[in-house]
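**Q**
In my numbering, the protein residues as written are 385 to 492.
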């Protein structure tokens, strides 16, 4: 199932990765898990990941065995702006659906 964010902003590799990272921002994940849960190839993630690291959008948190764990860098102002944008899109769509339902109930 595609999220509302992906429906509105485009179901691209970058958006799928960001969608997963925002929704699960309180936890850290390995790159393999991020690729799997975002439904993108590991190769595609690796090519984008370098940019995310360079821009400090994601941060390394710890190592579990051979797996390096990462999560969204909530201290980066760009990331915080994106998170606010992400949730405002979902809030806007939820308000539209709620308004339609209220209108239907009033008309009945």
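A virtual CB, placed ideally from N, CA and C, is assigned to each residue, including glycine. Just so we're clear, the structure is a prediction, and the values are computed from it rather than from any experiment.
Could you name each continuous alpha helix (DSSP H) segment of 4 residues or more that falls completely within the segment 427-490, going from the start of the chain to the end?
**A** Fully enclosed alpha helix (DSSP H) runs of 4 or longer: not present.
**Q** May I ask you to list the residues that DSSP assigns as paired with residue 414?
**A** Numbered from its first residue, the chain shown carries residue 414 at position 30. The partner list for residue 414 (beta bridge, DSSP) reads 453.
**Q** Under 8 Å, with one C-beta from each stretch per pair, do the segment 414-426 and the segment 445-453 reach the 3-pair mark?
**A** Yes, they touch.
**Q** According to the Cβ coordinates, are residue 387 and residue 403 closer than 9 Å?
**A** Position 3 of the chain shown, counted from the start, is the residue given in the question as residue 387. Position 19 of the chain shown, counted from the start, is the residue given in the question as residue 403. Contact: yes.
**Q** Can you tell me the Cα-Cα spacing of residue 473 and residue 391, whole angstroms?
**A** Counting from one through the chain shown, the residue named residue 473 turns up at place 89. Counting from one through the chain shown, the residue named residue 391 turns up at place 7. Cα to Cα, the separation comes out at about 11 Å.
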